[in-house]
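Numbering (my numbering), first residue to last: 396 to 557.
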């Protein structure tokens, strides 16, 4: 079976989330390197931009973002985390009683861990960990380790039939 993160004729470029950001060129180069190493999982996808707004407490949405409309603890699982940009942003706005579990294929977990390691959160933030989880696998082991799952994040997911 071929690697689903490297479909035939893969030709994707980095998405720059903030062109005016002083580290924009570095972000683009880091993403290009991640794409070369992890394929599709290395790219930041378009749905990340609106999620960054939605996962910011000062933004008003109807319905409101449930993370900020209720107290925790929140136990969040992100499917197909890859670069984990939206979840890491969310973690900065949650509390230490909350947990975000980044999941992806086993070959992509090093990318998730690298993103966690390079993340510069505020002093008070949610716990963030990475665990392997392929689509179709049960989440029993995650529930056993972290407790009941309160939220699932799915950002720009594509399911390919093989």
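Backbone N, C-alpha and C fix where the C-beta goes; we use that ideal spot for every residue, glycine too.
Item to check | residue 535 burial status per 10 Å Cβ neighbour count (16 or more: buried) | outcome: exposed
Checklist entry - How is residue 512 classed by DSSP in three states: helix, strand or coil? => result helix
Item to check | residue 549 and residue 500 closer than 9 Å at C-beta | outcome: no
Next on the checklist: Using the three-state DSSP reduction, which class does residue 480 fall into: helix, strand or coil?
Outcome noted: helix
Checklist entry - How about residue 504 and residue 523: do their beta carbons lie closer than 9 Å? => result no
Next on the checklist: If I follow the unbroken alpha helix (DSSP H) through residue 536, where does it start and stop?
Outcome noted: 535-541
Item to check | Limits of the alpha helix (DSSP H) - the one that residue 444 falls within | outcome: 443-449
Next on the checklist: Applying the 10 Å Cβ sphere with the 16-neighbour rule, what's the burial state of residue 552?
Outcome noted: exposed
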